[in-house]
Structures are given as structure tokens and as C-alpha cells.
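The sequence shown begins at 1 in full-length UniProt numbering and counts up by one. Don't be surprised by glycine CBs; every beta carbon is placed ideally from N, CA and C. One structure is given here, and the rest of the page talks about it.
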Amino acid sequence: MSKTKKLVPKRRFKKFDLSWDVTNLGEISDIVRGASPRPIQDKKWFDSNSEIGWLRISDVTEQNGRIYHIKQRLSKAGQEKTRVLNEPHLLLSIAATVGKPVINYVKTGVHDGFLIFQNLKSDIEFMFQYLDMYGVKWKKYGQPGSQLNLNSDIVKNHNVELPHNEEQTQIGEFFKKLDTLIQTQQKKLDKTKTLKSAYLAEMFPKDDESKPKLRFKGMKDNWMHTKLKDVIERELKGKTKATMLGNKNIYLDANYLNGGEINYVNASKDVTLNDVLILWDGSLAGTVYHEFEGALGSTLKAYKPKESGQFLYQFLKKNQQNIFNNYRTPNIPHVIKTFTEEFRITIPHIKEQTKIGNFFKLLDQKIALEQRKLEKLKKIKQAYLNEMFV
């Protein structure tokens with residue numbers, strides 16, 4: 001007689017060696033759908049003075065699945081038209097952002113775009129991590145319509161592998177600590193980005209002004225208002241194509257500039273580190289890049305600055321949304337041919353350009369460092385998820 005294979009994860013805490021059990025979500029919880037008052041736009045359902053919140057998918061996105069506060073509040077009339085939770089519960093989004101798990105810690109009514117796991121017989125943190133890990137797969141079960149929806153019966157009948165309660169608890173606590181580290185690192189990244197945005201607003205003049213609010217010591221001269229064409233020596237349209245594969249120079253295309261793999265081509269190097277690059281065609285036309293060298297791809301242009309390329313890059317990057325909104329053709333995005341003739345730039349003396357460029361370069365390096373740390377933590381978590389769940 002053949003032996004039944006033991007159902008165990010690759011990695012687990014030392015004292016645990018029992019096989020995991022297979023059950024389904026409907027057997028370990030009473031799964032019910034939330035309810036929404038209709039029409040949802042009616043003001044009578046809401047009361048800012050109420051202690052009962054109204055949980056929406058936007059709250060889940062902003063708080064990454066762990067709900068500690070909710071802005072919108074339900075009136076007594078609204079509460080009568082929904083399911084009100086008064087203690088922590090596990091939820092799962094089944095509409096719009098399909099398959100996103102939630103642990104709710106506040107008193108709230110629950111929208112009909114969520115399933116509520118009542119009387120959960122599993123550790124709530126363990127099950128939160130399991131549902132989160134499985135989230136991408138839920139989408140393939142979505143029912144097509146005006147927006148993707150997940151049928152509640154599919155969730156109830158879904159098989160899940162579970163260890164004994166003590167092991168569930170340890171696994172849940174372990175991943176909650178990892179989530180806290182990830183959240184802390186995300187806040188560091190967000191703080192650095194916010195800091196850069198604040199400095200950009202202070203260290204560049206407003207459109208109708210000639211001096212910024214914040215300057216380096218000794219800098220007093222007015223900035224010059226001019227056009228982009230006046231601060232570059234020339235512009236170069238890329239000619240290199242992916243079919244020119246070889247080993248001579250790095251192929252500068254949108255994929256590589258956005259962090260993709262390096263490809264080499266048999267083409268001459270026509271871009272240096274001081275040049276500012278701009279994506280000329282495609283959905284992201286108008287995106288600017290800096291500090292790359294190699295053979296320029298055919299969907300890009302390069303600007304050869306007369307002075308500081310780093311300053312020019314930071315100025316254009318600060319105005320990235322302006323470029324998207326006002327300097328592209330409609331329908332199929334394409335940067336307008338007269339971009340350098342039309343785009344206005346305000347520029348200081350080269351000494352101040354250099355100081356500003358170097359200052360923001362350091363901030364960009366700090367942002368990149370915090371981003372790498374965040375991605376490393378996320379990869380560590382994913383690796384543990386793959387090994388600590390069956």
C-alpha cells in the first residue's frame with residue numbers, strides 16, 4: 001500500500017512537525033456578503049458625528065489592508081441598510097479590487113463589495129496572509145461585467161491547507177512583523193519623496209517670478225526666463241533599433257531606462273551622462289531621463305545641454321505633468337515637434353545650476369536607496385510565503 005504524502009511546508013518553526021489539514025473556507029467561517037444602502041449617493045445614509053464608519057475600497061488601498069481609521073460615517077438610517085461590525089473581522093474584497101484581504105479593527109458598516117468572515121475558526125493573521133498570497137489567483141475567477149466581481153460561492157468552496165492553531169498563530173505573528181517592517185520602510189520612502197517635492201517647490205521660482213524662495217548662501221541674481229532651445233546645444237533623434245544586437249554599446253530604450261535588462265548593440269555611442277533624454281513616442285511620451293550613456297533608441301531624443309544637465313533634468317522632471325498635459329499630441333501620444341521652441345524654462349547662473357543639480361541628485365540617490373530597501377523586504381516576504389505555506 002502506498003503511503004500518503006505528508007502535507008507540510010518547506011520551512012517551518014522547529015517544534016512543529018504535524019501534517020497540515022485540507023478544508024475549505026466555508027467550513028472554517030460563516031462567509032456573508034456586506035450590504036450597501038441605495039442609492040449610495042443619498043446624503044441621508046451618512047452622518048459625520050456617528051461612531052460607525054463606512055468601509056470602502058479606497059480605505060483598504062490607503063491603509064494596505066489593515067483598517068485602523070475610516071473617514072466616512074454612517075447615519076442610523078445607513079446602519080440599518082448594511083452589516084455593522086463592532087469587533088475585529090477578516091474581510092475579502094470581491095468587487096473592483098478583487099481578492100484584497102482586510103483586517104478591520106474599527107466599528108464600521110461593510111459595503112457589498114466585501115465578504116465578511118464571521119465566526120472564523122482560523123487565526124486571523126494567518127488567514128490574512130494566506131488570502132493575500134492567493135490574491136492574484138482570485139482575479140481569474142472574477143465574473144465579468146461593468147467591473148470584475150468575485151462570486152461568494154467560489155470563495156466558500158475554495159480549499160485551504162491549515163496547520164494546527166499554535167502554528168497558525170506563530171506564522172501569522174511572523175508575517176505581521178514583516179509587514180510592519182515593510183510599512184515602516186514605505187513611510188521612509190514616502191517621506192523622502194515628500195521632502196524632495198517640498199524642496200522643488202521652494203528652490204525653483206514660480207512661473208511669473210525670477211527668484212526662488214529658498215536659495216544657497218550667496219546666490220542673489222535673478223533667474224533668466226527663456227526657451228528650452230536656448231539652453232541646449234542641439235537635440236538628437238535616436239536611430240538605433242533592437243535588431244542591431246551586438247556587443248559594442250548599451251542600447252538605450254524605454255525598457256532599459258525604466259530598470260529593465262541591459263542589451264548591447266553594434267552602434268556608436270551618441271549619448272553621454274550629461275545629456276537629458278526624453279521619450280518621444282508611446283503612452284509615456286514626454287518622460288525624461290538623465291545620467292545614461294550608450295546608443296540612443298529610435299523612440300527617444302537627447303538634449304545636449306549648454307551647461308548643467310542635472311539642473312535641466314530636474315527642471316523638466318519637476319514639470320513632467322505639464323509636459324504630459326500640454327506638449328503631446330492627442331490620441332496616439334507623441335511629443336510635439338516644436339517642444340523646444342515652445343517650452344519655457346527659468347534658469348540661474350551656472351554656479352547655482354550646479355549646486356541645485358547636485359542637491360537634487362543626492363535626494364534622488366536617497367529615494368533610490370529607500371526604494372531598493374523596500375523591494376528587498378518585499379522579496380524576503382515573498383520568499384518566506386513560498387516556503388512557509390503549503
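- Inter-residue distance for L55 and F117 is about 15 Å (C-alpha atoms, whole angstroms).
- Ranking K6, F16 and Q79 by CA distance to the CA of D47 puts Q79 first.
- If you compare the alpha carbons of E62, T180, L296 and N151 with that of V265, the shortest gap goes to L296.
- Here DSSP, grouped into helix, strand and coil, assigns K306 to coil.
- Our two residues, L25 and Y141, have alpha carbons roughly 16 Å apart in a direct line.
- In the structure shown, S58 falls within a helical segment according to DSSP collapsed to helix, strand and coil.
- Taking C-beta atoms under 8 Å as the contact rule, H334 and D281 qualify, at a distance of about 6 Å.
- Straight through space, the alpha carbons of M127 and D30 are spaced by roughly 14 Å.
- Residue environment: P88 is assigned as exposed (fewer than 16 neighbouring CB atoms within 10 Å of its CB, all protein chains considered).
- CA-CA distance, N222 to I40, rounds to 54 Å.
- Three or more beta-carbon pairs separated by less than 8 Å link the stretch 306-318 to the stretch 220-239, which places the two stretches in contact.
- Within the DSSP bridge table, the entry for N159 names N24 as partners.
- One thing to note: F360 has its Cβ within 8 Å of the Cβ of K196.
- Rounded to whole angstroms, the gap between the alpha carbons of K317 and V288 is 6 Å.
- DSSP places E370 in the uninterrupted alpha helix (DSSP H) bounded by I350 to M388.
- By the Cβ neighbour-count rule, L279 is buried, with 16 or more other Cβ atoms within 10 Å of its own.
- By the neighbour-count definition (other C-beta atoms within 10 Å, threshold 16), N358 is an exposed residue.
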